[in-house]
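*Asks:* Encoded as structure tokens, here's the structure I'll be asking about.
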Amino acid sequence: MTHNNHNLSALIHQRGHRLTPQRQIILDALCALGGHVTVAELYERVHAQFPAIDRSTVYRALDFFGELGLVCAAEVGGAMVYEIAPGDGSGAHHHLICRDCGDVAHVPGDAFAALAERLRAEHGFAADVDNLTIHGRCRECAAPDGA
Numbered sequence: 000m001t002h003n004n005h006n007l008s009a010l011i012h013q014r015g016h017r018l019t020p021q022r023q024i025i026l027d028a029l030c031a032l033g034g035h036v037t038v039a040e041l042y043e044r045v046h047a048q049f050p051a052i053d054r055s056t057v058y059r060a061l062d063f064f065g066e067l068g069l070v071c072a073a074e075v076g077g078a079m080v081y082e083i084a085p086g087d088g089s090g091a092h093h094h095l096i097c098r099d100c101g102d103v104a105h106v107p108g109d110a111f112a113a114l115a116e117r118l119r120a121e122h123g124f125a126a127d128v129d130n131l132t133i134h135g136r137c138r139e140c141a142a143p144d145g146a
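Counting along the sequence shown from 1, when you hit position 15 you're at 14 in numbering that gives the first Met the number 0, and nothing is skipped either side.
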């Protein structure tokens with residue numbers, strides 16, 4: 000299975016883990032559905048094709064993929080959503096979510112490196128800025144004419 004030119008199956012094996020048939024099915028479904036998928040959406044897709052896979056298996060697989068840094072989770076619109084992590088190896092993944100129109104924009108992983116460094120320098124605080132979701136207003140909604 001590849002996504003964004005990354006062989007996720009090979010990454011799992013390289014990290015010393017097995018890719019069980021259930022994990023493969025769930026990973027395939029997540030890749031096919033694209034970004035920002037709820038557990039319910041993923042479960043429906045998987046369960047329709049493979050009724051023996053239950054919801055707890057989907058949760059465990061997502062946790063497993065998350066621990067390996069292959070899947071990112073974020074709260075979008077009040078729901079936890081999952082997507083394949085960016086392939087830059089940084090583990091950093093950020094979202095800007097418009098509170099007016101609901102648009103979700105992705106921000107490069109290094110966008111908050113300066114903030115993390117400033118917090119460390121000024122406050123001695125080692126901030127985890129690898130997975131941020133920031134709510135506000137997008138360019139269109141924040142425009143003076145509202146369009």
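Backbone N, C-alpha and C fix where the C-beta goes; we use that ideal spot for every residue, glycine too.
Nothing here was measured: the structure is a model prediction, and the numbers come from that model.
(1) Tell me whether A104 sits in a helix, a strand or coil according to DSSP, three-state version.
(2) Might you give, ordered along the chain, the residues of its own chain that have their beta carbon closer than 7 Å to the beta carbon of G65, omitting 5 neighbours on each side?
(3) Under DSSP, the alpha helix (DSSP H) around V45 begins and ends at which residues?
(4) CB-CB under 8 Å to I24, same chain, minus the five flanking residues each way: which ones, in chain order?
(5) Within 10 angstroms of the Cβ of T56, are there 16 or more other Cβ atoms? Answer buried if so, exposed if not.
(6) Can you list, in chain order, the stretches of the alpha helix (DSSP H) that have 4 or more residues and sit fully within the region 4–38?
(7) Within its chain, find whatever has a CB closer than 7 Å to the CB of L32; leave out the 5 residues flanking it on each side and keep chain order.
(8) Assuming T37 contacts V103 under a Cβ cut-off of 8 Å, what Cβ separation, rounded to an integer in Å, is found between them?
(9) Can you tell me whether H92 is helix, strand or coil according to DSSP?
(10) By how many angstroms is the C-alpha of H122 removed from the C-alpha of A110?
(11) According to DSSP, is C140 part of a helix, a strand, or is it coil?
*Replies:* Looking at the atomic coordinates:
(1) strand
(2) A72
(3) V38 to Q48
(4) V45, Q48, F49 and I52
(5) Residue burial annotation: T56 is buried, with at least 16 other C-beta atoms found within 10 angstroms of its C-beta.
(6) 7–13 and 20–32
(7) So the qualifying residues of the chain are E40, L41 and R44.
(8) That belief does not hold up - the Cβ atoms of T37 and V103 are roughly 13 Å apart, past 8 Å.
(9) coil
(10) 20 Å
(11) helix
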